[in-house]
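To start, the structure itself, in C-alpha cells.
There are 4 protein chains.
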Amino acid sequence: MSKRDQIMTAALGLFIENGFDKTPTSAISKAAGVATGTLFHHFKTKEELIDTIYEEIKFSLRDMLAPALAGQTELKAIFHDVWIMMLEWTLENPEKYRFLHQFGESALISANTRERTQEAFSDFCNLVENAIEAGTFRPLPVDVCMGLMSSHLYASSNYLLEHKELWQDAEFRKQLFGSYWHTLATA
Amino acid sequence: MSKRDQIMTAALGLFIENGFDKTPTSAISKAAGVATGTLFHHFKTKEELIDTIYEEIKFSLRDMLAPALAGQTELKAIFHDVWIMMLEWTLENPEKYRFLHQFGESALISANTRERTQEAFSDFCNLVENAIEAGTFRPLPVDVCMGLMSSHLYASSNYLLEHKELWQDAEFRKQLFGSYWHTLATA
Amino acid sequence: MSKRDQIMTAALGLFIENGFDKTPTSAISKAAGVATGTLFHHFKTKEELIDTIYEEIKFSLRDMLAPALAGQTELKAIFHDVWIMMLEWTLENPEKYRFLHQFGESALISANTRERTQEAFSDFCNLVENAIEAGTFRPLPVDVCMGLMSSHLYASSNYLLEHKELWQDAEFRKQLFGSYWHTLATA
Amino acid sequence: MSKRDQIMTAALGLFIENGFDKTPTSAISKAAGVATGTLFHHFKTKEELIDTIYEEIKFSLRDMLAPALAGQTELKAIFHDVWIMMLEWTLENPEKYRFLHQFGESALISANTRERTQEAFSDFCNLVENAIEAGTFRPLPVDVCMGLMSSHLYASSNYLLEHKELWQDAEFRKQLFGSYWHTLATA
DNA sequence: TATGAATGAGGCTTCATTCAT
DNA sequence: GATGAATGAAGCCTCATTCAT
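Protein chains in written order, with our numbering: chain A, 3 to 189; chain B, 3 to 189; chain C, 3 to 189; chain D, 3 to 189.
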C-alpha cells in the first residue's frame, strides 16, 4: 500500500471514531506510519484529505452498483438488487458506510466535490423518476423519494451494523425490504 | 431575555451554521452581547452549553407531543397527529430542528444527557411496540421501527424546509403521510 | 509599562537584531515576559505588530520635529535645527533609528500604514517645495530632494552610531551639515 | 542557459519580489523549471545561493567600472563617468540593482562574502581618499564620504527607476550630478 | 547530473478557560 | 453576576534539506 493510501486509511478510521475536528493531523500521520510532512505532500490541506476520501468512497459505490442498474429490466427486481448490494456493502465496509453517514451532509465536504459525486448517481435517480411517472411509486417529487430511500437505507444500516446476524434471517430481510419498497410503492 | 438565554440562542445559531468545533466561545459571547467570562459563569464548559441546549430542545419537543399521545385512542389518528405536530414544529423552529439533526447523534452530546432525554420518548416507543404486537405494524424489532420513523421524518423535514409552500398542499401531505404510514403498516 | 508596551519593546529589539522573519513570535513573548497568547491578544498578527511599531516611531518623530518646523522663519536655520534634531534623536534612540532604516522600505509595512504615516511629514515636504521654487534649492523634483535628504541622513546616522564621539566635534558637524546643505542648495 | 543559471535568475527575481525568507526553495526550483533536488546540487544551502548571486553582481559591477577608474586622470571626469555608468547600469539591470539595495546590508550575506567583494571597490576608495587629501573634497572621514556617495546613488537610482524618461533630460542629469558632486566637493 | 517523495523541526495562530477587578 | 486581559497547550501547515532512484 502506498503511503498515500496508508494516510487515507488511517484518516478514515480516525475521522469516524473521533470526528474531523477532534482528529489532529499529527494523529493521522502517526497512525499511518508516516511523517507529518508526508500528509501535506499528498494533500494540500486536511480538508482536501477528507474530500478525497469522500470522493473515493462515493465512486467505489457507484462502480459497485453500475452492473445492477444496467442489467435488469423489471423494476422491483432492480430495486431489490440495489438494496441488497447496498446493505451488503455496508456490512463489509462498515467504516466507509459510517464515513458517508457522518460526513455526507456535513459542511466539511466541499460543494464542488459533492456536486461531482452526485452525478455518479444520476442513473438511479432516473430510475426513480420513471417509477413515479409509471405510477409504480407515489406521486411525490423525485427529491423527496431519493431522500426517503436513502434515509431508509441509513436507518437499516445503522441497525444491521449492531445486529449483523439478522442479515441471515430471511424473514427479517423480507420484512425490511417490504418496508423499503412500500415507503414509495403504491402497491 | 436573560444573559443566559442570550448565550443559548446565540450558540444554537452559530453551532448549526458553523459546527461545534468551528464555533469559538468568543464568537458566542460576542453574538450574545456578553463578555467572554460570562459564558463560563452560566456553563462550566462549552460541552455543558451544547448539552443544555440539546436537553432543552428535546424536552420542549416532548412537552409538545404529550397531549397528542395521551388524548386519542385510535392508533393511526395518533400517528397522524404526531406526524403533523413534528413537521409543523420543524417548520416553525428550523434552527432547533437542524440542531437535533446535526448533533443528535454526534459524540458531542454526553451519554448521560442522551439517556436522560431518551426516556422522554418512551411513551411513543410503547405505542409502536403495541402496534407491532397487534399486527398493525410489520414484525420488525422496535428499534428498527423507531429508526425508520425518525429517519422518515428527517428526510421529510429536510425537504419541507426548502419547499415550505408544499405544506399547504393537501395532496402532498396525504401522499407523504401515506409513505410514512406504509413504511411500517401492514395494511 | 503595560504588557502591550513590553511586547512592542521586545519586538523592536529582536526585529532589528535578527530580522522580522528570523524572530519567532515565541521569542518575542519570552523576551517580553508574557505568554504566547498575550501577544495575539494585543496584535492580531505578527504583521500588525511590526506595523504598529513603525507607526508609533514615525509619529513620535513627527511630534519631535513639529516645534522646529513651526517656530522659525529663516530656511537654513530650520534645516539646521531639523538636521540636528534628527541626528540627536538617532543617537538617543539607536534602536528606533535602525528599525526605520531596516523596515521603512520593506514590504513588511503595509501600504496602508505607510500612507498614513507619510502624511505626517507633509510639513517638511512643503518646506522643501518652497525652497525649490525660491531658487534656494536646485531645480529638481521634490521627491528627488526628499530622497536625497533622507538618504544623506541615513548615511550620516550610520556612521555616527559607530563613532558617537565625533558628534561633539564642532568642525565635523560643520562639515557634515555643509555636505547636507550643499547636496541641494545652489549657494 | 545552464540549469544553474536558470536557478540563479529565478532566485534573483523571487528574492527581490518577496524577500529571502518569503521565497521557498520550492518556488525557486519551480520558477527555474528544475526539480527540488537540483537546486541543492548546485548550492549547498539557500544561503549559499543568495551569497553567490550577491558575489556575481558585485564582481560584474566592479568589472564594468574598472576601465573608467583606470583610464582617466582628471578627478571630476572620473567621478562623472563612474556616476553615469552606475546609473545606466541600474536602468539596464533594475533587478540586480534592487537586489543590492535590499540585501547589500542585510545579515543574509555572509561576512566572508561581504569582505571578499568589498575589496573589489578599493580602487574607488583610494580615489576618494586622494580627493580628500588634495582638498577637493571636504575634510571628512573616508568612510563617511563613501557612505554619502553610495546613498546618493541609491536615492537617485530609486527615483530614476520610476521616472526613466528623465534620464534623457540633459538639464536633469546636470542638476543631479551637481548635487552628487557638491555633496563632497568644496568648490 | 537530475529527480521528487519523504522528512520532521518549528512557526504562526487559535481558543477554552481562569481570575483579579 | 459581569468583565475582559491573560494564559499556554495544541493545531495546521511550511519548508529546507536528504536520499534512493
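Heads up, the beta-carbon is just placed ideally off N, CA and C, and yes, glycines get one too.
Keep in mind the model is a prediction, meaning the values are calculated, not measured.
- Here alanine 34 of chain B is buried. Its C-beta has 16 or more other C-beta atoms within 10 Å.
- For valine 146 of chain C, the C-beta contacts it makes with chain D under 8 angstroms involve Ala157, Ser158, Tyr161, Leu178, in order along the chain.
- Nearest to threonine 38 of chain C by C-alpha distance, out of C:Ala72, C:Ala12, C:Thr27, is C:Thr27.
- Taking C-beta atoms as the reference points, leucine 93 of chain D and leucine 155 of chain D fail to come closer than 8 angstroms.
- Secondary structure note for arginine 64 of chain A: its alpha helix (DSSP H) is the uninterrupted segment 48 to 73.
- Bridge partners of alanine 187 of chain C according to DSSP: C:Phe139.
- Phenylalanine 174 of chain C places its beta carbon 8 angstroms or farther from that of histidine 82 of chain C.
- Using a Cβ-Cβ cut-off of 8 angstroms, serine 62 of chain D does not count as an interface residue toward chain C, since no Cβ of chain C sits closer than that to its own.
- Under the three-state reduction of DSSP, asparagine 95 of chain B is assigned to coil, being neither helix nor strand.
- For isoleucine 55 of chain B, the closest alpha carbon among the candidates B:Ala13, B:Pro96, B:Gly73 is that of B:Ala13.
- Identification of residues in the segment 89 to 113 of chain B having a C-beta nearer than 9 angstroms to some C-beta of chain A yields His103, Gln104, Glu107, Ser108, Ala109, Leu110, given in sequence order.
- Chain order gives the chain D residues near glycine 21 of chain C as Ala109, where near means a beta carbon separation below 7 angstroms.
- Bounds of the alpha helix (DSSP H) holding isoleucine 9 of chain B are 5 to 20.
- Linking proline 96 of chain C to glutamate 90 of chain C through their CA atoms gives a straight-line distance of about 10 angstroms.
- Per DSSP, glycine 35 of chain A lies in no alpha helix (DSSP H) and is assigned neither H nor E.
- By the Cβ neighbour-count rule, lysine 48 of chain A is buried, with 16 or more other Cβ atoms within 10 Å of its own.
- Contact of proline 141 of chain B with chain A is assigned, a C-beta pair being separated by under 8 angstroms.
- Between the alpha carbons of alanine 79 of chain B and lysine 176 of chain B lies a distance of about 13 angstroms.
- In this structure, DSSP gives glutamate 117 of chain A a helical state, which the three-state scheme calls helix.
- Counting along the chain, glycine 106 of chain C sits inside no alpha helix (DSSP H), nor does DSSP assign it H or E at all.
- DSSP places histidine 44 of chain D in the helix class (H, G or I) of the three-state scheme.
- Residue B:Leu142 holds the alpha-carbon nearest to the alpha-carbon of leucine 168 of chain A among B:Ser153, B:Ser62, B:Leu142.
- Not one beta carbon of chain B lies nearer than 8 angstroms to the beta carbon of serine 31 of chain A.
- Ranked by how close their Cα comes to the Cα of valine 146 of chain C, the residues D:Val146, D:Ser153, D:Glu58 have D:Ser153 in first place.
- Straight across, the Cα-Cα distance linking glutamate 58 of chain B with isoleucine 52 of chain B is about 10 angstroms.
- The Cβ of histidine 43 of chain A sits no closer than 8 angstroms to any Cβ of chain B.
- The Cβ-Cβ distance between alanine 109 of chain C and lysine 60 of chain C does not fall below 8 angstroms.
- The residue from C:Ser181, C:Thr188, C:Thr115 with its alpha-carbon nearest to that of threonine 185 of chain D is C:Ser181.
- At a cut-off of 8 angstroms between beta-carbon atoms, glycine 137 of chain A makes no contact with chain B.
- Counting of Cβ neighbours within 10 angstroms places alanine 189 of chain A among the exposed residues, the total staying below 16.
- A straight line joining the alpha-carbon of valine 84 of chain B with that of alanine 157 of chain A spans about 20 angstroms.
- Comparing alpha carbon positions, the residue from B:Leu129, B:Ile9, B:Glu164, B:Glu117 closest to arginine 100 of chain B is B:Glu164.
- Looking at the backbone, the Cα of threonine 40 of chain A and that of methionine 66 of chain D are separated by about 48 angstroms.
- Apart from the 5 residues on each side of it in sequence, isoleucine 134 of chain B sits with its Cβ closer than 8 angstroms to the Cβ of Arg140, Pro141, Leu142, Val144, Cys147 in its chain, given in chain order.
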